[in-house]
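Visitor: In this text, residue positions in the sequence shown follow the UniProt record's numbering: the first is 1, and each later residue adds one.
Sharing a structure here in structure tokens format.
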Amino acid sequence: SSQVSSYECISINSSNVKHIQIHPMVRYLSITVDNTDIENKLSFEDYNENLSALGKRLKVENLNTLMLFGDYHGSFAKTFGALFREANAIRAIFLSGVSYDMDDIFHNFAKLVHLRYLRIGMLDYRTISLPSALVRLYHLTGY
């Protein structure tokens, strides 16, 4: 069973994003962005380029769970927005350190009809904008 689950789960960070082997059956994705990924322009551009290239290797339409960790993943909101544009089967989303509008990452929030769990950790007490489509997600329970 651990062999089966190893194909379905993947955890990405700046040190493995370029070389990690991605199986077509990946269902659970976690991405970590830490301060070293944005500390200088070269690090940022390199990680951004590698994250953008994930779209060619990852079948985002198969994703069930998406977790974005770190206080700095908002720096890559446009990249994530392009990457997750076709991710319509997501059932669970966990976002830590949010300092951006949800629409920046999920352009197709209204199409996430299977979404059941949504957890948003904010960086501070800033107001963030949630998509208006949130009220139409009948299965959403939160956790």
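Just so it is clear, CB atoms sit at the ideal spot from N, CA and C, and this is done for glycine as well.
#1: Buried or exposed for L42, going by 16 or more other Cβ atoms inside 10 Å?
#2: Do you know offhand how far L137's Cα is from A110's?
#3: If you drop the 5 nearest sequence neighbours on each side, which residues of the same chain put their C-beta closer than 6 Å to that of H23?
#4: Look up S6 in the DSSP assignment and say whether it is helix, strand or coil.
#5: Per DSSP, V98 forms a beta bridge with which residues?
#6: Answer with buried or exposed for F74, where buried requires no fewer than 16 other C-beta atoms within 10 angstroms of its C-beta.
#7: Mapping DSSP to helix, strand and coil, what is L83?
Guide: Well, looking at it:
#1: Residue environment: L42 is assigned as exposed (fewer than 16 neighbouring CB atoms within 10 Å of its CB, all protein chains considered).
#2: 8 Å
#3: Y7
#4: In this structure, S6 counts as helix in the three-state DSSP scheme.
#5: Beta-bridge partners of V98 (DSSP): M122.
#6: Rather than Phe, the amino acid found at residue 74 in this sequence is Gly. By the 10 Å Cβ count, G74 comes out buried.
#7: helix
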